[in-house]
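Residue numbers (UniProt numbering): 1 to 368.
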Amino acid sequence: MFLYSTGNLQLLCTTDMEMLKEIGLHKSLSLGKPSYLTKDRGPLLGQGILSSSGPIWSHQRKIIAPEFFPDKVKVSNYSKGEEIFSKLKALQMAMAKTYIGIPGMRYLPSKNNREIWKLEKEIDSLILSVVNHCTEEATHGKDLLQMILDGAETYDDYKGLSKERFIVNNCKNMYFAGYETTATTLSWTLMLLAASPDWQACVRAEVLETCKDGFLLDANALTNMKTLTMVILETLRLYPPATFVIRQALEDIDFKGIMIPKDMNIQIPIPALQQSLQLWGPDAHRFNPERFANGIVEACKVPQAYMPFGIGARICTGQHFAMAELKVALSLLLSKFCFSLSPAYVHSPAFRLVIQPEHGVRLLIKRV
1 MFLYSTGNLQ LLCTTDMEML KEIGLHKSLS LGKPSYLTKD RGPLLGQGIL SSSGPIWSHQ
61 RKIIAPEFFP DKVKVSNYSK GEEIFSKLKA LQMAMAKTYI GIPGMRYLPS KNNREIWKLE
121 KEIDSLILSV VNHCTEEATH GKDLLQMILD GAETYDDYKG LSKERFIVNN CKNMYFAGYE
181 TTATTLSWTL MLLAASPDWQ ACVRAEVLET CKDGFLLDAN ALTNMKTLTM VILETLRLYP
241 PATFVIRQAL EDIDFKGIMI PKDMNIQIPI PALQQSLQLW GPDAHRFNPE RFANGIVEAC
301 KVPQAYMPFG IGARICTGQH FAMAELKVAL SLLLSKFCFS LSPAYVHSPA FRLVIQPEHG
361 VRLLIKRV
């Protein structure tokens, strides 16, 4: 555990398991997301569910959490969505170059900031055009978008956040959380399976057995895919979507004698915990899905150390949907193709907003 600062941002970095257990059990609104997410990361996240705290976060979670199931998430216009994804990717790359905790930097008209401002306007415009189209057509029913629209009509004006910004911010959050992190995890999983042909063969056999005689994947089939689940859990252990879990004290908090003053940020380094030799054993740095054969509780000495979807009350609302997405995508790919690493593949994880393969994942693919 140590204290450091970047600019005017104060952070307490900790891997203390007793404190993490306390954070995991903390249910009040006295712990929230760091304020810099809505400031320095504002163009990407705004005050959506991923970055907000207090009453506005509570309101958004009540709207979104019950609707984040596969049968309630409908497909929107693909071409519009593809364009939004592309621009969000560019915005994420631009945001990764900015400085956090240095007052005023985001207001300077630098080349990078001008690119951020331009992308922000374009993304906002695209999202609003999708929203307006859905509103005019009135064909989407009670899906996630409609719940966000309804939520915008019923929430109080927190800190001057307009209804339009409420809608745009949460749509951005859904695009970012539901696309970028899942796509990156899919890339890492294929890389690991390409490097581990025995595990790839085991998963393929399970998929083909489950889908034999033309059987379509449903919720029960996905749940029963034990080997595939183990592989995804191990991928998320080695390459979690985020580098850190960060919580800001919204008031003075006492964690078993450790006083955390208001506005202090508690930083939890996820890779350090999820690859700790003390917690996971001597093979902590090795790809070994077998460790999850009996679930997360038996995989680690302290289950709270596994946190690819976050921790406590702020745990990812879409974690079950994300797992279903990954299982469906991997089932479809592995049932038809065999993957191996290309000689051109360069292993270089880049620790940005999402832990990404810096040079992509180059694979050799052949039909099964």
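Ideal Cβ placement from N, Cα and C applies to all residues, glycine included.
As the structure is a prediction and not an experimental result, all values here were calculated from the model.
**Message:** Comparing C-alpha positions only, which one of I270, A313, G281, S342 sits nearest to C13?
**Reply:** I270
**Asked** For N77, which of helix, strand or coil comes out of DSSP?
**Response** Note that N77 has pLDDT 43, beneath the 50 cutoff, so the model's placement of it is unreliable and the number below is only indicative. Here N77 sits in coil by DSSP.
**Message:** I'd like to check one pair, P349 with Y175: are the Cβ atoms closer than 9 Å?
**Reply:** no
**Message:** Can you confirm whether K21, when its beta carbon is compared against all beta carbons of chain D, has any partner nearer than 9 Å?
**Reply:** Protein chains in the displayed structure number just one, and chain D is not present.
**Prompt:** Buried or exposed: where does F166 fall if 16 or more other Cβ atoms within 10 Å of its Cβ makes it buried?
**Reply:** buried
**Request:** Kindly list the residues whose CB is nearer than 7 Å to the CB of D71, restricted to its own chain and excluding five residues on each side of it in sequence; keep chain order.
**Result:** Its pLDDT being 48, under 50, D71 is placed unreliably by the model, and the measurement read from it follows with that caveat. Correct list: empty, nothing qualifies.
**G360 burial status per 10 Å Cβ neighbour count (16 or more: buried)** = exposed
**Asked** Relative to the C-alpha of Q248, which residue among P241, I266, F255 is closest?
**Response** Nearest in C-alpha terms to Q248, of all of P241, I266, F255, is I266.
**Request:** With a 10 Å radius around its C-beta and 16 neighbouring C-beta atoms as the bar for buried, classify S331 as buried or exposed.
**Result:** When all chains shown are included, S331 counts as buried.
**Asked** Going along the chain, which residues of its own chain have a beta-carbon closer than 7 Å to the beta-carbon of S35, five neighbours each way excluded?
**Response** Q248
**Request:** Identify, in the order they occur along the chain, each residue of the same chain with its Cβ nearer than 6 Å to the Cβ of R204, setting aside the five sequence neighbours on each side.
**Result:** L334.
**Item:** 3 or more residues per run - each beta strand (DSSP E) lying fully within the segment 209-277
**Value:** 244-249, 253-255, 258-260, 265-269
**Helix, strand or coil at L12 according to DSSP, with G and I counted as helix** = strand
**Residue range of the unbroken alpha helix (DSSP H) whose run includes F309** = Looking at the DSSP string, F309 is not in any alpha helix (DSSP H), and its letter there is neither H nor E.
**Asked** Apart from the five residues on each side of it in sequence, which residues of its chain come closer than 8 Å, Cβ to Cβ, to V328?
**Response** L217, L222
**Request:** Can you have a look at D198 and say buried or exposed, based on whether 16 or more other CB atoms are within 10 angstroms of its CB?
**Result:** exposed
**Request:** List the DSSP bridge partners of T6.
**Result:** L9
**Item:** Range of the contiguous alpha helix (DSSP H) that encloses S335
**Value:** Bounds of the alpha helix (DSSP H) holding S335 are 319-336.
**Asked** Do L3 and M191 have their CB atoms nearer than 9 Å?
**Response** no
**Request:** Taking A194 as part of the alpha helix (DSSP H), name the residues at either end of that continuous run.
**Result:** 181-195
**Item:** Bounding residues of the alpha helix (DSSP H) (the contiguous stretch that carries K21)
**Value:** 17-25
**Request:** Indicate the three-state DSSP secondary structure (helix, strand or coil) for P289 in the structure shown.
**Result:** helix
**Prompt:** Do A219 and A324 have their C-beta atoms closer together than 9 Å?
**Reply:** yes
**Item:** Residue range of the unbroken alpha helix (DSSP H) whose run includes A299
**Value:** 296-299
**Message:** On a Cα-Cα basis, can you pick out the residue from K256, I148, I116 that is closest to V131?
**Reply:** I148
**Asked** Buried or exposed: which applies to D124, given that a residue is buried once 16 or more other Cβ atoms fall within 10 Å of its Cβ?
**Response** buried
**Candidates C338, G32, G310, K256, of which the one nearest L273 by Cα** = G310
**Request:** Hey, could you find the ends of the beta strand (DSSP E) Q356 is sitting in?
**Result:** 355-357
**Close beta carbons around V297, own chain, < 6 Å, minus the five adjacent residues each side** = P303
**Prompt:** Since K366 is in the beta strand (DSSP E), which residue starts that stretch and which ends it?
**Reply:** 363-367
**Message:** Do C171 and I127 count as a contact pair if the criterion is CB distance below 9 Å?
**Reply:** yes
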